[in-house]
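Undergrad: Residue numbers (this note's numbering), protein chains in the order written: chain A, 65 to 851; chain B, 238 to 679.
The C-beta atom is built at its ideal place from N, Cα and C for all residues, glycine as well.
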Ligand SMILES: Cc1cc2nc3c(=O)[nH]c(=O)nc-3n(C[C@H](O)[C@H](O)[C@H](O)COP(=O)(O)O)c2cc1C
Ligand code: SF4
Ligand code: SF4
Ligand code: FES
């Protein structure tokens, strides 16, 4: 520890601290622009100059290491003169027109200029003008305002992993820009808006639509990926205007993915459903709530009476709240049907009852891992901020290995990578198991010992065994895999052998919540796959576009089309549902209801509505509650979403912060699981072309699909048929050519794209897009032919 | 005792630059120092001690004692350490390093090899200014000769000391001469100074311990090893050892590089350069490159050419570029040109320099063009106050010192300009002095 005195106050700081660290510890504010706690030190703005005893010149607090006995003055004459001098320099070329700047009112330069600026400018020369840059659909520029603090540059390089911005030219001509002709395409790009201390980088969608002081700030939670980023939602006149991160070191740190930040635009979409609607003689008519709900109750009762309750099924969404999921399953069960599921993209359910797919550890602990294996994950796009944590871990020396079917650049230095066809993933993982078992002297199933081990599998096993804190994570792709149970069993076995943490990277905001709410088929119920493979008479759908959100779109669509009654609860008039549904009930998106999500680490996060429901929209939990009443079901008398939550989580107040005690992935049953799954399935060989499907980041759920600015990004490009050069040649097609792709009875017309990151024989076609809704499944055999 | 040159020993520019090759250098006694080290088993510590004794100070501008700098390198460091030679020579007025590389590149190579031995570094780079491309080519050839002869490379002269040396060229940015910008540039990044600490001796090239010296600094090393540090020190004055190359330019009869012992009176150096052109009188002199404060004739004529004397007079010996100005010089115009240089060459990283250099230039430009205002001189001084000591690298100071010293010593000329909107020195006098076109408006 080092002793230091700041403005006469003594304290101790750890070795390696800078003066600004020490000041923070003390709660002393030192003005600064370029310094940011999550970025490297640039020491370029010079705003943080302070007086240090015995130093002849003022020193930058952000970059000066504390030495023992140091005495610092932040407000002495020397310090203040230096700070004012720097402020003058920052302002001479800065437009002094805050009233027309989008940052006005939330600008660090404006704030500090009040304290350190002069009232008149001594600079009488012509001011600098800097041309604006096109950074893409999300970030607007006003580069004349840039103070060259390089926070944005350092963010793209250090946090997002790819230096998409740089400072070109020299001296007064220095400019921040992207590579010539390129935009900033990172899935984390919006953070540079928050980081920019001035109005040089602002939000394109939000730009000039409101002033910060007109906005109410409300807390919420992101409804997208399994991280559950805490949000500040800013509203004006009951409209969501902007979303910012609510800092939480344990979850999102101070960042947000672009998906979490910009998806709010969909809340104000013209596609919003604002009144209940019934299909009458093939025509949609708007009706009163009472009429619509009566209709639903009647229809469901009829079906139960005439065909048995098992003819009903509920397809819920992992983006729905805990309360909605709970009441949804309760309603079905009350009607007598165990057909409930929210795992629409899953296709292998044979592991059901074996635990809950959750991270298996705290998100914050990812940073302290030193060995990681991620199996089957489009990591960056599926889990932008978990990928970011892993990126930082790698910088600190962690080894991250990847087993997957596509070699997308995760912008982290992978230790070992094995990229194989989907059908070969279990094999490959089994090789890693074999290798680890040999190294540890453990015996495993004969089917595993019989395998030949590849170099890559060996490197992965060795890496996992060489560290002290290892983890194995199954990504979305592994969970959606046709042999998900086998992959899980193998990963668990590997975790057991290596002593690694075992976990899942949760796909959606409530992937864990759905389990906790038991929105799952009972012993006699059908799972999501079965409900669509064996068509029901009536369906209750909550917040999903089943033809886009399920593992087998064609089958799903057929099942819904033949059903007598399809009831959709959704904030949007979903185009598919206009065809197959009979009732549309407008329910609140996350911003218009209270509720809870349980994120992938088992953290319960409840939130309130931030705006009033739009039009006739009602929170889904209330709609389900009233439906329960109309159906005369017991236990539908909750007065608040808190009561619903208490029903699920227990009446304890306050509600538990974590529900990890309810989540388990017992490694004790591993041997059995392996015996049941592995031995039989390892022999699968590649068989013709195989589809690899990612769920593109901006098509993952109902909300984000309707966010216009995100839909203009490069990540939202429409699906193509991606193949490596060998596969292209093997199919006799070339990149750029239009193809007919056939899968099952379905087909789609797509352009061929060369993707060197795919294994031979793989055709990568993104799922969850209307253009590919005609294809049979997210996996399995596929054929292509030139058009 | 008449002075025997060290750096330029045996060279005769009159015969051209054909004698730069290895054979010629060896004939002049080259590589004897390197051989001596291995023949006499001189330890690295002893080499550093000898350099310390010599009182050799960095010839790149700051005049930091070289032996001391070398001793900062961690001895027991496991892993790579680097040695860099700074041949970026971009300071206006300075043209000595390029002549060392043109006429005597092997001397620099030998000096670097000795320095590498002293500090236990196995890899070195010579960063050569991008606008003297032919010297970069020449250095590559010299390296090939030295490598072939075993003076650099693996197991030098049969010893177990290895040193790989490479040439690296810049593209002419002045800022890449700042030692940490130079490191970034070698690493393939945009050349921008780093904030110090950490200093290169602990976190240098690729984050490894690194020592950077000027070309001339290295070139002096073989002589010190051959003749001893004491001898070197004796050549000059206490604390100002050895000889120094001065690049004399401006209004002299024979501009050029002059190697003289440290402490030579300025007047004698001026005489060696043939005195002032056209029989005019000396008006002022910048004794150490454009970053050094200007000294008026009466002060500089009393100085001797060494670090201490020039510092006492209020300037810096700097890189040893002696810019001589006679009475035909308009000091406002001279300053305008200097200020423009720093404005153009600022890397733009830190606020005071990025914004301040442009401000300084614009105000001086205004004054020169008849648009000065009465409080401009105070403004200029105040802006330099806000730049100096507040920047990441010394370019901020380098841009400020000329402004302050020009105003300090030639205030009357600036005031005249502001008041009368024209030069105190009549245009025809300027024209006569510079023999170049002078703007009619002045
Ligand atoms: C803006 C700037 C430019 C510089 N340019 C040079 C240069 O061209 N050559 C040089 O040797 N040193 C230059 N220096 C000084 C170097 O940073 C460094 O002090 C020197 O190379 C150390 O070598 P020495 O100790 O042998 O002098 C420059 C410094 C600054 C601040
Ligand atoms: S754009 Fe903003 S964040 Fe980037 S350097 Fe300029 S002021 Fe800093
Ligand atoms: S002082 Fe000037 S040249 Fe040096 S780092 Fe700052 S901006 Fe760059
Ligand atoms: S905050 Fe310290 S220099 Fe910018």
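Within the present structure, is the beta-carbon of residue 318 of chain A separated from the nearest heavy atom of ligand 2 by less than 8 Å?
TA: No, the beta carbon of residue 318 of chain A sits no closer than 8 Å to any heavy atom of ligand 2.
Undergrad: Does residue 524 of chain B come out as helix, strand or coil in the three-state DSSP assignment?
TA: In this structure, residue 524 of chain B counts as strand in the three-state DSSP scheme.
Undergrad: Is the number of C-beta pairs between the region 474 to 485 of chain B and the region 343 to 353 of chain B that are closer than 8 Å three or more?
TA: The region 474 to 485 of chain B, when compared against the region 343 to 353 of chain B, does not touch it at the 8 Å Cβ threshold.
Undergrad: Reducing DSSP to helix, strand and coil, say where residue 583 of chain B ends up.
TA: Reduced to three states, the DSSP call for residue 583 of chain B is coil.
Undergrad: Pull up the distance between the alpha-carbon of residue 787 of chain A and that of residue 443 of chain A, whole angstroms please.
TA: Approximately 20 Å between the Cα atoms of the pair.
Undergrad: Would you say residue 684 of chain B reaches chain A, if we count a Cβ-Cβ gap shorter than 9 Å as a contact?
TA: With chain B covering only 238 through 679, there is no way to say anything about residue 684 of chain B.
Undergrad: Can you tell me whether residue 403 of chain A is buried or exposed? The criterion is at least 16 other CB atoms within 10 Å of its CB, across all chains shown.
TA: Result: buried.
Undergrad: By the three-class DSSP mapping on this structure, what secondary structure does residue 306 of chain B have?
TA: Helix at residue 306 of chain B.
Undergrad: Quick one: does the C-beta of residue 584 of chain B sit closer than 8 Å to a heavy atom of ligand 4?
TA: For ligand 4, not one heavy atom lies less than 8 Å from the Cβ of residue 584 of chain B.
Undergrad: Of all the CB atoms in chain A, is at least one closer than 9 Å to the CB of residue 676 of chain B?
TA: The predicted position of residue 676 of chain B is uncertain, since its pLDDT is 48 and thus under 50; a value taken from the coordinates is nonetheless stated next. Not one chain A Cβ lies under 9 Å of residue 676 of chain B.
Undergrad: Taking the beta carbon of residue 506 of chain A as the centre, do at least 16 other beta carbons fall within 10 Å, making it buried, or is it exposed?
TA: It is exposed - the Cβ of residue 506 of chain A has fewer than 16 other Cβ atoms within 10 Å.
Undergrad: Closest Cβ-Cβ distance between residue 815 of chain A and chain B: below 9 Å?
TA: By this cut-off, residue 815 of chain A is not an interface position.
Undergrad: Determine whether the Cβ of residue 334 of chain B lies closer than 9 Å to any Cβ atom of chain A.
TA: It does not: the Cβ of residue 334 of chain B has no partner Cβ on chain A nearer than 9 Å.
Undergrad: Please classify residue 370 of chain B as buried or exposed, where buried requires at least 16 neighbouring CB atoms within 10 angstroms.
TA: Counting Cβ neighbours within 10 Å, residue 370 of chain B comes out exposed, since fewer than 16 surround it.
Undergrad: Report yes or no: do three or more beta-carbon pairs, one from the region 788 to 800 of chain A and one from the region 347 to 360 of chain A, lie closer than 8 Å?
TA: At 8 Å Cβ cutoff, the stretches do not touch.
Undergrad: Please state whether DSSP places residue 254 of chain A in a helix, a strand or coil.
TA: Three-state result, residue 254 of chain A: coil.
Undergrad: Give, in chain order, every unbroken run of the alpha helix (DSSP H) that is at least 4 residues long and sits entirely within the region 459 to 504 of chain A.
TA: As far as the region 459 to 504 of chain A is concerned, its whole alpha helix (DSSP H) runs of at least 4 residues are 489 to 504.
Undergrad: Identify which residue in B/429, B/408, B/425 has its Cα closest to the Cα of residue 416 of chain B.
TA: Nearest option by C-alpha distance: B/429.
Undergrad: What are the residues that DSSP puts in a beta bridge with residue 477 of chain B?
TA: Answer is B/474.
Undergrad: From which residue to which residue does the alpha helix (DSSP H) around residue 667 of chain B run?
TA: Unbroken alpha helix (DSSP H) run through residue 667 of chain B: 664 to 671.
Undergrad: Below 7 Å CB to CB, which residues in the same chain sit around residue 399 of chain A once its five sequence neighbours on both sides are set aside?
TA: For residue 399 of chain A, where only same-chain residues beyond five positions count, the Cβ hits under 7 Å are 364, 368, 373, 376, 695.
Undergrad: Check each candidate in A/276, A/290, A/137 and name the one with the smallest Cα separation from residue 538 of chain A.
TA: Comparing Cα-Cα distances from residue 538 of chain A to each of A/276, A/290, A/137, the minimum goes to A/290.
Undergrad: If you compare alpha carbons, which of B/401, B/601, B/453, B/544 is closest to residue 578 of chain B?
TA: It is B/601.
Undergrad: State yes or no: is the C-beta of residue 594 of chain B nearer than 8 Å to some heavy atom of ligand 3?
TA: Result yes, Cβ under 8 Å from ligand 3.
Undergrad: Is the region 329 to 347 of chain B touching the region 429 to 441 of chain B in the sense that three or more CB pairs, one from each, lie closer than 8 Å?
TA: No: fewer than three Cβ pairs fall under 8 Å.
Undergrad: How many Å lie between residue 856 of chain A and residue 341 of chain A at the Cα?
TA: Look at the range of chain A in this structure, 65 to 851, and you will see that residue 856 of chain A is not part of it.
Undergrad: Do we get a CB-CB distance below 9 Å when we pair residue 325 of chain B with the residues of chain A?
TA: Residue 325 of chain B does not count as touching chain A.
Undergrad: Under the assumption that residue 254 of chain A contacts residue 337 of chain A (Cβ atoms under 8 Å), give the Cβ distance between them as a whole number of angstroms.
TA: With a Cβ gap of about 28 Å, residue 254 of chain A and residue 337 of chain A do not count as contacting.
Undergrad: DSSP on residue 568 of chain B, reduced to helix/strand/coil?
TA: Note: residue 568 of chain B maps to helix in three-state DSSP.
Undergrad: When you compare each of A/160, A/135, A/84 to residue 856 of chain A by their alpha carbons, which one comes out closest?
TA: Residue 856 of chain A lies beyond the stretch modelled for chain A, which goes from 65 to 851, so this question has no answer here.
Undergrad: Straight-line CA distance for residue 521 of chain A to residue 822 of chain A?
TA: If I take the Cα positions, the gap works out to 18 Å.
Undergrad: Given that a residue counts as buried once 16 or more other Cβ atoms are within 10 Å of its Cβ, and exposed if not, what is residue 575 of chain A?
TA: With 16 or more Cβ atoms within 10 Å of its Cβ, residue 575 of chain A is classed as buried.
Undergrad: Just checking, does the region 529 to 538 of chain B make contact with the region 453 to 465 of chain B on the three C-beta pairs under 8 Å criterion?
TA: No, the region 529 to 538 of chain B is not in contact with the region 453 to 465 of chain B.
Undergrad: Tell me residue 353 of chain B's beta-bridge partners as DSSP assigns them.
TA: The partner list for residue 353 of chain B (beta bridge, DSSP) is empty, contrary to what the question assumes.
Undergrad: Using 9 Å as the threshold, is the C-beta distance between residue 514 of chain B and residue 489 of chain B below it?
TA: Yes.
Undergrad: State the Cα-Cα distance for the pair residue 247 of chain B and residue 263 of chain B, rounded to the nearest angstrom.
TA: Approximately 11 Å, taken between the alpha carbons.
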